[in-house]
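Comments concern the structure below.
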Amino acid sequence: MQVKSITDDEFLRTVNSTALTLGSPTGSAYDPYENLYVADPANDRAGKYCANSTDGIVIAAYSNGVFTVNGASSVAFDSNNSLYISNTYAHNVAKFSLL
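Just so you know, we're using the numbering used here here: the sequence shown kicks off at 129 and counts up by one.
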């Protein structure tokens, strides 16, 4: 599976998702540094694709009963660059401060 995105200049680029295999991506957002964040509820996680990289990494996940995200369905940033991930099954929104 590959993630396709249109940049501001309408150039189509393809990001290889070998490191972060997506089950059913439902929401995405870019941070100010043009990194792409993707919600993936099928895998109970959210991932990040760095602007100049072809591999994605898991940034938040549901693991061994420890809550981080549970059915992540969308991602968004506020004006302070905090990342918000909505959690379908937990019925809440998780806030993450990015460094």
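Beta carbons are placed, not taken as given, at the ideal position from N, Cα and C, and that holds for glycine. The model shown is predicted, which means the values in this text are computed figures rather than measured ones.
If you compare alpha carbons, which of the options is closest to residue i?
{"i": "asparagine 180", "options": "Asp172, Glu162, Val197 and Ser207", "result": "Glu162"}
{"i": "leucine 150", "options": "Leu226, Asn220, Thr182 and Arg173", "result": "Arg173"}
{"i": "threonine 105", "options": "Leu226, Asn215 and Phe224", "result": "Nothing in the structure corresponds to residue 105, since the chain is present only between 129 and 227."}
{"i": "alanine 218", "options": "Phe205, Leu211, Ala189 and Leu226", "result": "Ala189"}
{"i": "asparagine 209", "options": "Asp183, Lys176 and Leu226", "result": "Leu226"}
{"i": "valine 184", "options": "Leu164, Ser191, Ile213 and Lys223", "result": "For the sequence presented, residue 184 should be read as glycine rather than valine. It is Leu164 whose Cα lies nearest to the Cα of glycine 184."}
{"i": "threonine 196", "options": "Asn220, Tyr158, Val166 and Ala157", "result": "Asn220"}
{"i": "asparagine 171", "options": "Ala222, Ala157, Val186 and Tyr158", "result": "Val186"}
{"i": "leucine 148", "options": "Tyr177, Pro169 and Asp206", "result": "Tyr177"}
{"i": "valine 158", "options": "Phe205, Pro169, Gly199 and Thr182", "result": "The question names valine, yet the displayed sequence has tyrosine at residue 158. Nearest C-alpha to tyrosine 158: Phe205."}
{"i": "serine 156", "options": "Leu211, Thr182 and Asn198", "result": "Leu211"}
From the DSSP output, in three-state form, read off residue i for me.
{"i": "alanine 170", "result": "helix"}
{"i": "valine 197", "result": "coil"}
{"i": "threonine 216", "result": "coil"}
{"i": "tyrosine 177", "result": "strand"}
{"i": "tyrosine 161", "result": "coil"}
{"i": "leucine 226", "result": "coil"}
Assuming residue i is part of the beta strand (DSSP E), what are its boundary residues?
{"i": "valine 186", "result": "184 to 189"}
{"i": "serine 156", "result": "155 to 158"}
Which whole-angstrom value is the C-beta distance of residue i and residue j, which I expect to be below 8 Å?
{"i": "serine 201", "j": "alanine 167", "result": "5 Å"}
{"i": "proline 160", "j": "glycine 199", "result": "Actually they are not in contact, since the Cβ atoms of proline 160 and glycine 199 sit about 27 Å apart, beyond 8 Å."}
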